[in-house]
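Chemist: My questions will all concern the structure given below.
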Amino acid sequence: MNIPNLPGRRVQQSGKAAIIVLVLVLLVAVGVGAWYLVTHRGPSGAGSGLIARAIQMAPARTQFLLAFDLEKAGIPRDTQTQVLGTFLKSREFRVMNEVLQDELGMTLQEDFLPWMGTSGAFFMVPGEGKQSLLEGIEDSPEGLPPFRALAVLQIRDEAQARASLEKIQASAEEGVTYRTEEIQGVSVHLPAEPGKGLAWAIHDQQLLVGLLAADLEMGLKPPAAGQALADQAGFKAASGQLRRSDAVLGYVDLEGLLKGAPLAEIPSPETVKMLSALRFMALGSGISGRELISDWHLGVDLEAAGPLGKKVFSTNHNIAFESAGLYSKEVDTYAAFNLRMLWNIFCDIAAVFPEGEKVLARVASQFGEVGIDLEQDILGVFSGEFSYSARNSGRIQAAQYKALGEGSCQDISATLQNLSQIPLMAALGLKDRAGLDRLLGKIPPVAMMLSNFTVTEVEGAKVYSSPKQEEGPDAPSFALAFSDKEILLGLNDADKSIAAALSARKTGENVGSLPGFARVLADLKSDNRAFLVSFQDFGR
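In the numbering used here, the protein residues as written are 1 to 540.
Pasting the structure below:
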């Protein structure tokens, strides 16, 4: 979610004060990226359950929450070690360490990583008397937002964490001072002048960071019974849509948030009505069996959405994602997009604006100039599903890790070289094969190009293979195939990829038959208006 920058003069912080802000933000937002930190120390134990505690800690009025627990993400220990080792050797890490050493006499390895945990949370609540996080932004005091916000990071060693933070606090630039007071029996550290530094406290194996004492109170004073985010009806409806949320949980109260948005400035009443019917956005991720399942949901009150909203969020846009039956189990990456949904939504919304209608007419006219009827020759021929797959895509990540481990970033030429050796395939779904033939007949350059290709037949489909421009087994290759259900495009080892795909559809040994992904696809047959489905085999 993007929050507009606060207007007015910015608080000037330089030197050590800027480092203080940098380090504290790093702790609560980026620090967890060190995976299990020093992985040989084993799991913290305290990390488990932070997501559940966060939704009990956050007030019912919370409009944004993001919580994560990487111990529940199923990341293999050897992968954690590899990522951490690469990060510690990277040029970026060395530069960061040099700055910390120069300004504070500290290093990440010695002063931060040993006590940082693998779970955290961040949530925002409208300020007192306000209905939305967006309300009052233009009138907020210098250095302070009009909302309450709290970041929570699970820690492994309270004494080490406190020593590091007190050292940072003691190094604040001249004129920036802190005071200590107690909230619920817990010592909290507050900047003497609100906004001139971050407020923080350590309690129950957690580092709490905010701007004001009121922010820290959200983590130290539990809401009254029935007043936590976990008790709020909108949050229950949102989280109830998620298959798993024990590794990552995200929530946005769109209904509350939009109360502070300038919807009245939108010239289309139908669009305003549709936006006012948005209720929530939720995302979740977690392990189910051997799979890490992630999903994202947008909640809409269709009865309140008006005619435009009912069109935009109609189940008429749904597709069956048949391409999951096309790609072989051997691929390690697959994704499919519902382009028909995007086009239909664009047309529905454009139609309520005068300029939008002109754009649609212009698009249809441009196709007409070359003898193509947009409705009949394009929308009537293609199903709207676009998909792609890759094999050996881990090659790129491995090369990037190696470069980072050597203290540099992989240059673009090396990346392109690795990409040229990864078999890629894409497919565009068809619903009228004869219509495709008519369309291609209206585009002479396509026939001219295909006349230079070698033609073979695989599983009843014609496969057109381009002549190789280079010799050798790793030379780039391109192939194009036309089946009754899709156009297939292959790049690098193209003939083999297309043949494997057509065979996978016939034998049933495809991505769609994998147990975890098959469960996801089965759910998509219900009324859920999916735009994207994807699959990633992390083991490969």
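By construction, the Cβ of each residue, glycine as well, lies at the ideal position given by its N, Cα and C atoms.
In its own chain, which residues sit with a C-beta less than 8 Å from the C-beta of leucine 514, not counting the 5 before and 5 after it?
Modeler: In the sequence shown, the residue the question calls residue 514 occupies position 514. Only Lys329 and Phe535 meet the Cβ criterion.
Chemist: How far does the beta strand (DSSP E) with phenylalanine 482 in it extend, from its first residue to its last?
Modeler: Numbered from its first residue, the sequence shown carries residue 482 at position 482. Looking at the DSSP string, the run of the beta strand (DSSP E) that includes phenylalanine 482 is 478-482.
Chemist: Please state whether DSSP places arginine 179 in a helix, a strand or coil.
Modeler: Looking up residue 179 in the sequence shown gives position 179. If DSSP states are grouped into helix, strand and coil, arginine 179 belongs with the strands.
Chemist: Keeping to the same chain, check which residues put their C-beta closer than 8 Å to that of alanine 149; ignore five residues upstream and five downstream.
Modeler: Here residue 149 corresponds to residue number 149 of the sequence shown, with the count starting at 1. Only Phe122, Phe123, Met124, Val125, Gly210, Leu211 and Asp215 meet the Cβ criterion.
Chemist: Compute the beta-carbon to beta-carbon distance between alanine 213 and leucine 190, rounded to the nearest angstrom, for a pair I have assumed lies under 8 Å.
Modeler: By 1-based counting over the sequence shown, the position of residue 213 is 213. By 1-based counting over the sequence shown, the position of residue 190 is 190. Yes, alanine 213 and leucine 190 are in contact; Cβ-Cβ is about 6 Å, under 8 Å.
Chemist: Measure the alpha-carbon distance for threonine 107 versus serine 294 and round it to whole angstroms.
Modeler: As a position in the sequence shown, residue 107 is number 107, starting the count at 1. As a position in the sequence shown, residue 294 is number 294, starting the count at 1. Their Cα atoms are separated by approximately 35 Å.
Chemist: Assign threonine 62 to one of two classes, buried (16 or more other C-beta atoms within 10 Å of its C-beta) or exposed (fewer than that).
Modeler: Here residue 62 corresponds to residue number 62 of the sequence shown, with the count starting at 1. Flag for threonine 62 reads buried.
Chemist: If you compare alpha carbons, which of Phe482, Gln241 and Val511 is closest to methionine 281?
Modeler: One-based indexing of the sequence shown puts residue 281 at position 281. For methionine 281, the nearest C-alpha among the options comes from Gln241.
Chemist: Skipping 5 residues on each side, what residues in its chain have a beta carbon closer than 7 Å to that of leucine 254?
Modeler: To locate residue 254, count along the sequence shown from 1; it is residue 254. Once the five neighbours on either side are set aside, the close Cβ partners of leucine 254 are Leu278, Arg279, Phe280 and Met281.
Chemist: What did DSSP end up calling glutamate 291 once you bin it into helix, strand or coil?
Modeler: In the sequence shown, counting from the first residue as 1, residue 291 sits at position 291. In the structure shown, glutamate 291 sits in a strand (DSSP, three-state: E or B).
Chemist: Is it true that the region 441-457 meets the region 282-291, where meeting means three or more beta-carbon pairs spaced less than 8 Å apart?
Modeler: Touching, no.
Chemist: Look at the alpha carbon of serine 383 and the alpha carbon of leucine 430, and state the distance between them as a whole number of angstroms.
Modeler: Locating residue 383 in the sequence shown gives position 383, where the first residue counts as 1. Locating residue 430 in the sequence shown gives position 430, where the first residue counts as 1. Looking at the two C-alpha atoms, the distance is approximately 5 Å.
Chemist: Tell me the DSSP secondary structure of leucine 208 in three-state form.
Modeler: To locate residue 208, count along the sequence shown from 1; it is residue 208. Note: leucine 208 maps to strand in three-state DSSP.
Chemist: Note down, in chain order, each residue of its chain lying with its Cβ closer than 8 Å to the Cβ of leucine 144, except the 5 sequence neighbours on either side.
Modeler: By one-based count along the sequence shown, residue 144 stands at place 144. Within the same chain, leucine 144 has close Cβ partners Pro194, Gly195, Leu211 and Leu212.
Chemist: Enumerated in chain order, which unbroken segments of the beta strand (DSSP E) with a length of 3 residues or greater are wholly contained in the region 188-236?
Modeler: Runs found: 199-203 and 206-210.
Chemist: By the DSSP assignment, the alpha helix (DSSP H) with phenylalanine 346 in it spans what residues?
Modeler: Numbered from its first residue, the sequence shown carries residue 346 at position 346. Here the alpha helix (DSSP H) through phenylalanine 346 covers 339-350.
Chemist: Out of Ile345, Gly256, Ala426 and Ala320, state which residue places its alpha-carbon closest to the alpha-carbon of leucine 522.
Modeler: Residue 522 sits at position 522 when you count from the first residue of the sequence shown. Residue 522 is actually alanine in this sequence, not leucine. With distances taken between Cα atoms, alanine 522 lies closest to Ala320.
Chemist: Quick one: what's got a C-beta closer than 6 Å to arginine 179's C-beta in the same chain, skipping five residues either side?
Modeler: Along the sequence shown, one-based indexing puts residue 179 at 179. Excluding sequence neighbours, arginine 179 sits near Leu190 and Ala192.
Chemist: Can you confirm whether the region 90-109 touches the region 298-315 when touching is taken to mean that 3 or more C-beta pairs between the two stretches lie within less than 8 Å?
Modeler: Judged by Cβ distances under 8 Å, the region 298-315 makes no contact with the region 90-109, as fewer than three pairs qualify.
Chemist: Classify glutamine 154 as helix, strand or coil using the three-state DSSP reduction.
Modeler: Working through the sequence shown from its first residue, we reach residue 154 at position 154. Residue state, collapsed to three classes: strand.
Chemist: Does the distance from the CB of serine 393 to the CB of threonine 333 come in under 7 Å?
Modeler: Against the sequence shown, residue 393 aligns to sequence position 393. Against the sequence shown, residue 333 aligns to sequence position 333. Yes, the Cβ-Cβ distance between serine 393 and threonine 333 is below 7 Å.
Chemist: With arginine 156 and methionine 116 assumed to form a contact (beta carbons below 8 Å), what rounded beta-carbon distance in angstroms separates them?
Modeler: Taking the sequence shown and counting its residues from 1, the one referred to as residue 156 is at position 156. Taking the sequence shown and counting its residues from 1, the one referred to as residue 116 is at position 116. Between methionine 116 and arginine 156 the Cβ distance is about 7 Å, and since that is below 8 Å, they are a contact.
Chemist: Out of Phe313, Glu375, Asp348 and Met425, which has the shortest C-alpha to C-alpha gap to alanine 530?
Modeler: Locating residue 530 in the sequence shown gives position 530, counting from the first residue. Ranking Phe313, Glu375, Asp348 and Met425 by Cα distance to alanine 530 puts Phe313 first.
Chemist: Between the region 219-230 and the region 256-265, do three or more beta carbon pairs fall short of 8 Å?
Modeler: Too few Cβ pairs lie closer than 8 Å, so no.
Chemist: Going by C-alpha to C-alpha distance, which of Ala427, Glu509 and Leu263 sits closest to tyrosine 388?
Modeler: The count along the sequence shown starts at 1 and reaches residue 388 at position 388. Comparing Cα positions, the closest option is Ala427.
Chemist: Could you compute how far the alpha carbon of serine 497 sits from the alpha carbon of glycine 512?
Modeler: On the sequence shown, position 497 is the one that residue 497 refers to. On the sequence shown, position 512 is the one that residue 512 refers to. Using only the alpha carbons, I get a separation of about 17 Å.
Chemist: For the alpha helix (DSSP H) holding leucine 428, just list the boundary residues, first then last.
Modeler: Reading the sequence shown from its first residue, position 428 is the one you call residue 428. Taken as a continuous stretch (DSSP letters only), leucine 428 belongs to no alpha helix (DSSP H), being part of the beta strand (DSSP E) at 424-430.
Chemist: Pick out whichever of Ser465, Val370 and Ser477 has its Cα sitting closest to the Cα of glycine 441.
Modeler: Reading the sequence shown from its first residue, position 441 is the one you call residue 441. Answer by Cα proximity: Val370.
Chemist: Below 7 Å between beta carbons: does that hold for alanine 54 and alanine 67?
Modeler: For the purposes of this step, residue 54 is taken as residue 54 along the sequence shown, with counting starting at 1. For the purposes of this step, residue 67 is taken as residue 67 along the sequence shown, with counting starting at 1. Yes, the pair counts as a contact, with Cβ atoms nearer than the cut-off.
Chemist: Between which two residues does the alpha helix (DSSP H) holding proline 126 run?
Modeler: Here residue 126 is taken as the residue at index 126 of the sequence shown, counted from 1. Proline 126 -> not in any alpha helix (DSSP H); beta strand (DSSP E) instead, spanning 116-126.
Chemist: My understanding is that serine 187 touches alanine 172, with C-beta atoms under 8 Å, so please give their C-beta distance in whole angstroms.
Modeler: Counting from one through the sequence shown, the residue named residue 187 turns up at place 187. Counting from one through the sequence shown, the residue named residue 172 turns up at place 172. Serine 187 to alanine 172, Cβ: 18 Å. No contact.
Chemist: Give the secondary structure of isoleucine 487 by DSSP, where H, G and I count as helix, E and B as strand, and everything else as coil.
Modeler: Numbered from its first residue, the sequence shown carries residue 487 at position 487. Note: isoleucine 487 maps to strand in three-state DSSP.
Chemist: Quick check on serine 365: buried or exposed, where buried means 16 or more other Cβ atoms within 10 Å of its Cβ?
Modeler: Walking along the sequence shown from the start, residue 365 turns up at place 365. It counts as exposed.
Chemist: Valine 248 lies in the beta strand (DSSP E); which residues open and close that run?
Modeler: Translated into positions along the sequence shown, residue 248 becomes position 248. Per DSSP, valine 248 belongs to the beta strand (DSSP E) from 248-252.
Chemist: Please state whether DSSP places glutamine 536 in a helix, a strand or coil.
Modeler: Sequence index remark: in the sequence shown, residue 536 carries index 536 (1-based). Glutamine 536 falls in the strand class under three-state DSSP.
Chemist: Here's a check: name, in chain order, each residue in its chain whose Cβ is nearer than 7 Å to the Cβ of phenylalanine 64, leaving out the five neighbours to either side.
Modeler: Counting from one through the sequence shown, the residue named residue 64 turns up at place 64. Within the same chain, phenylalanine 64 has close Cβ partners Met1, Phe123, Met124, Leu133 and Val252.
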